[in-house]
């Protein structure tokens with residue numbers, strides 16, 4: 285009887301420890317770049333990113349290790365680094381810093397811009413409207429994000445015509461090329477994940493278009509890298525039950541949102557929360573983590 289009581293108490297203690305533990309945290313970045321025009325607040329400066337990794341020393345894990353798909357290796361208090369969109373500076377600015385800190389990361393690539401010679405559509409929008417027209421930028425960003433690639437391109441062309449711009453605008457904030465994706469993944473430190481083809485608001489599309497966006501981005505990256513692509517991130521963080529089913533049926537083991545929160549053993553691996561990291565110094569970053577229990 286005493287032995288059974290002791291076993292029950294130990295089980296209860298383990299359950300309570302799991303509930304009180306901070307869980308794990310997935311960090312969301314977009315660009316590691318100096319602060320040029322950044323109306324969408326996507327940039328973290330390289331020096332500050334290096335400070336963040338100093339703060340994270342000894343606590344970093346791969347995304348695959350803190351999602352429910354591998355509970356045996358899941359450890360509370362770990363943090364994973366992710367990048368959305370697939371900007372070229374993830375290779376040229378972020379990777380050297382990741383390598384110096386031996387920090388694994390996952391880069392989610394929107395494949396439609398690869399080797400296109402064009403900026404992402406939201407960056408092109410800023411160039412076309414000018415930095416002073418922030419309210420119009422936000423309005424069109426919300427509108428264009430819900431369109432299919434064909435309809436979005438038509439409206440961007442029309443906007444270029446009205447502005448009498450004969451060529452696609454150029455920007456330092458360009459997408460990765462095919463060669464750069466291969467180089468980024470070559471060392472094994474960086475996992476490449478899918479982020480659709482054209483970065484739409486998936487919930488605004490009919491099911492067939494959602495399936496095409498999810499599967500085509502997966503297939504493009506799998507063929508390029510010669511390996512399965514098992515991680516996905518929802519553009520704009522938006523998803524519903526239909527979107528999650530499509531992602532699951534496409535063979536993804538995990539999918540990230542942009543909803544805040546920590547990852548625990550009962551967290552749905554197809555609705556992983558993340559913390560979007562601001563362009564802050566290491567002390568501020570450390571205070572943010574402490575407030576979250578890390």
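In our numbering, the protein residues as written are 285 to 578. In this text, a Cβ means the ideal position worked out from N, Cα and C, and glycines have one as well. Please read all numbers here as calculations on a predicted model, not as lab measurements.
Can you look up residue i in the DSSP assignment and give me helix, strand or coil?
i: residue 504; result: helix
i: residue 576; result: coil
i: residue 434; result: helix
i: residue 482; result: coil
i: residue 564; result: coil
i: residue 318; result: coil
i: residue 404; result: coil
i: residue 477; result: strand
i: residue 308; result: strand
i: residue 356; result: Below a pLDDT of 50, predicted positions are generally treated as unreliable, and residue 356, at 47, falls in that range; no measurement from the model is reported.
i: residue 459; result: strand
i: residue 515; result: strand
i: residue 498; result: helix
i: residue 419; result: helix
i: residue 393; result: strand
i: residue 339; result: helix
i: residue 328; result: strand
For residue i, tell me which candidate among the options has the shortest Cα-Cα distance.
i: residue 525; options: 570, 407, 431 and 487; result: 487
i: residue 351; options: 518, 531, 436 and 557; result: 557
i: residue 538; options: 552, 565 and 545; result: 552
i: residue 348; options: 337, 326, 363 and 334; result: 363
i: residue 399; options: 372, 446, 378 and 461; result: 461
i: residue 322; options: 333, 456, 433 and 548; result: 456
i: residue 554; options: 573, 566 and 531; result: 531
i: residue 437; options: 395, 482, 421 and 466; result: 482
i: residue 543; options: 527, 563 and 522; result: 522
i: residue 520; options: 379, 480, 328 and 495; result: 480
i: residue 375; options: 504, 467 and 536; result: 467
i: residue 380; options: 316, 434, 407 and 477; result: 316
i: residue 307; options: 550, 567 and 439; result: 550
i: residue 395; options: 578, 571, 498 and 577; result: 498
i: residue 485; options: 397, 444 and 431; result: 431
i: residue 444; options: 412, 417 and 464; result: 412
i: residue 422; options: 433, 408, 434 and 435; result: 408
i: residue 576; options: 545, 566 and 441; result: 545
So residue i and residue j are in contact, right, with Cβ under 8 Å, and what is the actual spacing, rounded?
i: residue 569; j: residue 336; result: 5 Å
i: residue 518; j: residue 459; result: 18 Å between Cβ atoms; not a contact.
i: residue 332; j: residue 564; result: 7 Å
i: residue 478; j: residue 502; result: 5 Å
i: residue 578; j: residue 361; result: 6 Å
i: residue 310; j: residue 561; result: Not quite, the Cβ-Cβ distance comes to about 10 Å (not below 8 Å), so this is no contact.
TODO: Quick one: which unbroken alpha helix (DSSP H) runs of 4-plus residues sit fully inside the stretch 363-391? Chain order, please.
DONE: 379-384
Task: Touching by the beta-carbon criterion (3+ pairs, under 8 Å), the stretch 468-482 and the stretch 383-391 - done: yes
- [ ] Would you check if there are 3 or more beta carbon pairs closer than 8 Å linking the stretch 423-441 to the stretch 500-515?
- [x] no
Open item on the list: My parser needs the beta strand (DSSP E) runs of 3 or more residues fully inside the stretch 523-558; what are they?
Closed with: 538-540
Open item on the list: Measuring CB atoms only, is the stretch 401-418 touching the stretch 335-352, in the sense that at least three cross pairs come out at less than 8 Å?
Closed with: no
Open item on the list: Three Cβ pairs or more, each shorter than 8 Å: is that satisfied between the stretch 365-381 and the stretch 391-401?
Closed with: yes
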